[in-house]
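S.K.: One structure, pasted below without further comment.
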């Protein structure tokens, strides 16, 4: 009797222990959330803004010709919004593949295709081939194929994969850049080359990856090479001839930077003569970076363009004392002359590779009772910045990502208050710097919907450890002087899609993604937001509350930008590139070794699992509702 | 051997004079430490003499005592004993007083050293490398920052605050004429205050064994008048003149296109290496290779021809050059003033 | 005799122990370059390996190849070599560059430095003697010192396989 009771007691105890162990194993297991079921993956943080308090497009904003998609950001104000509304939150669930196009290129595909009339234009990463697809047939065929044949050696000086961010269409001409630094114009009908202008010297580490913007007959092209000590410049070419109209350097004397009497920066730190020299150690500006490799927006009323400059070189900040003007900031320039109007430096004496090249979305926001023209910038520093479009004054700044590298933005001076604990020191590793080197968000552009007044930001949730070491400038080799290792920021997830109210400067809802988001976003008048993930899920969420409405797994990870157009058959199509790569996807596209945490400038440490979750290969997917 | 000992002592005396002297009082810090040294020296010398005299007295007295009272042990007189007691107590008291006095003197000197800084000292960063010194003069205007190597110029009468760093192993900066020594430790930031009083040329030496060429890791320190210093500083801000003349021009091309530019920097040219001495004004320095050779054209050429012969184990490789190339480089390097 | 023989034997063996006093020479005059068997003269020498490790940082190799895992350039820790993994092939790659982006370092470093660099690069993937490896990594990120293990094969999963659980 007694022994029987004891036995039962033992059994119960053993069961309890087993349960505890099983629980511990389950809880301690890597936080690999299964893909959520449709509908329930957004954190709602605030109410949608009231119509009166919503941000709206610039007063002159003219909805682009909805049927076409002629530039990477959709329109000159950079909204990535399409007025097409056939695909709605109600019917997006039945989207299906209409056709695909294989580029037979295994590197990162960051571009969006363009659609003009009955033709789709597809650009690829190096070797930068261009295809024109005839959309009038049910299974589109190649109308023409253009091969610019860039120099193979350019692959060796392309920081972070050999990507290309696409073409721009204007007036019957297609403009795009090659990795080895040529701007090329093609006849959109025939694919015949109209002109090509060489703007970069790869032996000095200069490349071009950005998508040009065409404004007032000028093609605007910026250099890449912030990791090679390339002195950045933005060049305006004549759209008809390819001749250089003006060229604005990002460092050096005022005459090179095109700073003249029209230059009226808001803050005293930007006022003074030849700051592009005096805010550098002697000669530092000659190899100082500031490459405008990101997005350019254009205000036709002010005749102004807005663009950001990249990180100063080298990464090692102690090697380049001073504010390092005019790197890591935003320029407003007169598109006709190139003369600078104002400049705002979001990361003076940049410590952590916070390029300021992200998109500038031109909006009008209700501000103290009036509508105020602003540019909205989800900045790489992790702060969502609202700058006055006319003066460059910081109206508000709030972190949209996890930030500890700066304590706040001082609205008096416009400068970030740097966290002294995160100041790098030579010979030491600075731990847990947030955001990491790719910033709160890297190049991948957000979308703005006038229907909700929200900006949809696909961004990152990463931190890093970084150490510095003196580095030699050797032309054509990397100029870094730093070792980084990235990892997930608090929460364990690595990507976020934030729906941001730029008026209240706060998130309305937020979707946590396991993997960093490296794809652009697209918002449509059907109240759907599209984006993709590194493991190949193309997703549609409700623009109002973030509810996941539809998803589709593509053959490779997504780092491209979704776009939408109306086909010759009258149906709305949604297109996206699969093709993992870029800085984040380099581990797959470049077959890097996850055992070395510093691979791909430290990104691999945060993404070692990606090799098990996707494989390389470029393929365009075009979706439509069932006919 | 015994005869050689005094000779060796005389050799030690050589450390008390000249450009590298522990007895130098050429800076506030050096003078303070020197003053303390004097207090210690004279006090301990006095004590030493007193003890020796006392010993001699005791020997004399003891011998007399033994002679007087040979064979008999007797109690000393009560009065004599009292004197002995008082003497002993006075002796112990004097010892305690002297030790306390020296402690106070040390403490006062230490305090004075700590307070010897200046409200607006010259900010200088000195970085130790195997086996040379990098010197960076800080300035709030970044473009006025000066980077040089193996030479330290200081204005007399102004304090200098030196931040010490190391990129590889532990070094130690010791300018005996001006101040005590301070270690340069990788991953840490140490500092040292200098306040030179007199102009002059001094020699500093790495004072912590740092590898094969530890002995040839010297730093030329020039203390000059504020006007001279300002002139020198402004000259450092100007890039060296562009080379003219065939040989120098050829040397310039060699410098830029061959191995030199990978590691060395010359202001105003594409050469921007960081890991080796900045050569912008190398010909204006007194010595090359961290105090190893006087700066002459022949020495520059000898150094470039085979650095491993001059300073075995250093990190500069022997670059294969023809005689003509070597001469051209020598001609170019000589223009870097 | 029998009692003394182990002691005398030990005494005889003692000079052999002196062999341990032979330190590896620091070949800073690069005599290895004159050797008829350069791969052995460089590859088996800790001094050359350490110099190569220093040059790897000084010549910005890490910017592209990281600490062997790659980035802009291919990984160096594995046993896959586009242009050959023998030390002399690596020296050729370093000195003359390769068409798809590897820059030429001839005239940026000397020939013996190229051999030193190649020695270090080889040590990332080849099983170098433990006593030759540097005791610590020089780079600031405190990455582990050079590896002795070869790279593990990467298991790839086609996305389609995951799909089975969806929809």
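Residue numbers (this note's numbering), protein chains in the order written: chain A, -1 to 625; chain B, 387 to 723; chain C, 18 to 184. Quick reminder that beta carbons are idealized off the backbone N, C-alpha and C, glycines included. Predicted model only: the values in this text are computed from it and were never measured.
Chain B partners of residue 426(A), CB-CB under 9 Å?
M.R.: By Cβ distance, chain B contributes 573, 574.
S.K.: Return the residue from the list 51(A), 98(A), 87(A), 107(A) that minimises the CA-CA distance to residue 517(A).
M.R.: Nearest C-alpha to residue 517(A): 107(A).
S.K.: Which full runs of the beta strand (DSSP E) of 3+ residues lie inside the region 569 to 597 of chain A, going along the chain?
M.R.: Runs found: 570 to 576.
S.K.: Apply the 10 Å Cβ neighbour rule to residue 709(B) and answer buried if 16 or more other Cβ atoms are within range, or exposed otherwise.
M.R.: Burial call: exposed.
S.K.: Nearest-angstrom Cα distance between residue 200(A) and residue 175(A)?
M.R.: One C-alpha to the other measures close to 14 Å.
S.K.: By the 10 Å Cβ neighbour count, where 16 or more other Cβ atoms means buried, how is residue 175(C) classified, buried or exposed?
M.R.: For residue 175(C), the pLDDT reaches just 43, beneath the cut-off of 50, and the residue's location in the model is therefore unreliable, leaving the point undetermined.
S.K.: Should residue 149(C) be flagged as near chain A, meaning a C-beta pair shorter than 8 Å?
M.R.: False, the Cβ-Cβ gap to chain A never drops below 8 Å.
S.K.: Out of curiosity, what's the CA-to-CA distance linking residue 354(A) and residue 333(A)?
M.R.: Computed Cα separation, rounded: 20 Å.
S.K.: By the three-class DSSP mapping on this structure, what secondary structure does residue 431(A) have?
M.R.: Residue 431(A) falls in the strand class under three-state DSSP.
S.K.: Can you tell me where the alpha helix (DSSP H) with residue 141(C) in it begins and where it stops?
M.R.: Residue 141(C) -> alpha helix (DSSP H) spans 128 to 142.
S.K.: Using a Cβ cut-off of 7 Å, pull out every chain B residue sitting near residue 469(A), in sequence order please.
M.R.: By Cβ distance, chain B contributes 660.
S.K.: Would you say residue 519(A) and residue 554(A) are within 8 Å of each other, going by their C-beta atoms?
M.R.: Not closer than 8 Å, so no.
S.K.: Which class does residue 545(A) belong to by DSSP, given the choice of helix, strand or coil?
M.R.: Here residue 545(A) sits in coil by DSSP.
S.K.: Grab me the residues of residue 27(A)'s own chain with a C-beta within less than 7 Å of its C-beta, minus the 5 sequence neighbours each way, in chain order.
M.R.: For residue 27(A), the predicted model reports a pLDDT of 47, less than 50, meaning its position is unreliable and no value from the coordinates is stated.
S.K.: What are the start and end residues of the beta strand (DSSP E) that includes residue 446(A)?
M.R.: Looking at the DSSP string, the run of the beta strand (DSSP E) that includes residue 446(A) is 445 to 447.
S.K.: At a cut-off of 7 Å, is residue 119(C) close to the ligand FAD when judged by its beta-carbon and the heavy atoms of the ligand?
M.R.: The model depicted lacks the ligand FAD and carries no ligand whatsoever.
S.K.: Count the other CB atoms within 10 Å of the CB of residue 584(A); is the residue buried (16 or more) or exposed (fewer)?
M.R.: Burial call: buried.
S.K.: Identify the residues that DSSP records as bridge partners of residue 558(B): which are they?
M.R.: Residue 558(B) pairs with 569(B).
S.K.: Quick check on residue 124(C) - is its C-beta less than 8 Å from some C-beta in chain B?
M.R.: Output row for residue 124(C): interface = yes.
S.K.: Applying the criterion that 16 or more other CB atoms from any shown protein chain within 10 Å of the CB defines a buried residue, is residue 437(B) buried or exposed?
M.R.: That one is exposed.
S.K.: Going along chain C, which residues have a C-beta under 8 Å from residue 705(B)?
M.R.: By Cβ distance, chain C contributes 127.
S.K.: Quick check: residue 374(B) and residue 571(B), are their CB atoms within less than 8 Å of each other?
M.R.: Here chain B has residues from 387 to 723 only, and residue 374(B) is not among them.
S.K.: For a test of the three-state rule: what should DSSP assign to residue 373(A), helix, strand or coil?
M.R.: Residue 373(A) falls in the strand class under three-state DSSP.
S.K.: Considering only DSSP beta bridges, list what residue 244(A) is partnered with.
M.R.: Paired residue(s): 234(A).
S.K.: Using 8 Å as the limit for Cβ to Cβ distance, is residue 579(B) near chain A?
M.R.: Judged by the 8 Å Cβ criterion, residue 579(B) is not in contact with chain A.
S.K.: State whether the region 490 to 499 of chain A contacts the region 469 to 478 of chain A, with contact taken as three or more CB pairs (one from each stretch) at a distance under 8 Å.
M.R.: Touching, no.
S.K.: Counting only Cβ pairs nearer than 7 Å, list the residues of chain B close to residue 519(A).
M.R.: Within chain B, no residue comes near residue 519(A); the closest Cβ sits about 39 Å away, beyond 7 Å.
S.K.: Kindly indicate the opening and closing residues of the beta strand (DSSP E) around residue 474(A).
M.R.: Residue 474(A) -> no beta strand (DSSP E), and no H or E assigned at all.
S.K.: Of all the options 270(A), 324(A), 212(A), 349(A), which has the alpha carbon lying nearest to the alpha carbon of residue 298(A)?
M.R.: If we check each option's Cα against that of residue 298(A), 212(A) comes out closest.
S.K.: State yes or no: is the beta carbon of residue 597(B) nearer than 8 Å to at least one beta carbon in chain C?
M.R.: Residue 597(B) does not count as touching chain C.
S.K.: Between the alpha carbons of residue 695(B) and residue 611(B), how many angstroms are there, rounded?
M.R.: Rounded to the nearest angstrom, the two C-alpha atoms are 38 Å apart.
S.K.: Can you list the residues of chain C that residue 225(A) reaches, using a CB-CB cut of under 9 Å?
M.R.: Simply 80, 89.
S.K.: Excluding five sequence neighbours on each side, which residues of the same chain lie with their C-beta closer than 7 Å to the C-beta of residue 51(A)?
M.R.: Once the five neighbours on either side are set aside, the close Cβ partners of residue 51(A) are 364, 501.
S.K.: Any C-beta of chain B sitting closer than 8 Å to the C-beta of residue 161(C)?
M.R.: Bear in mind that a pLDDT of 49 at residue 161(C), under 50, signals an unreliable position, so the number given afterwards is only what the model happens to contain. Chain B, which has no Cβ nearer than 8 Å to the Cβ of residue 161(C), makes this no.
S.K.: Would you mind giving the Cβ-Cβ distance between residue 683(B) and residue 537(B), rounded to the nearest angstrom? I have them listed as a contact below 8 Å.
M.R.: Contact doesn't hold; Cβ gap of about 18 Å is too wide.
S.K.: Going by DSSP in three states, residue 163(C) sits in which element: helix, strand or coil?
M.R.: Note that residue 163(C) scores 45 on pLDDT, short of 50, meaning its location in the model is unreliable and no value can be drawn from it.
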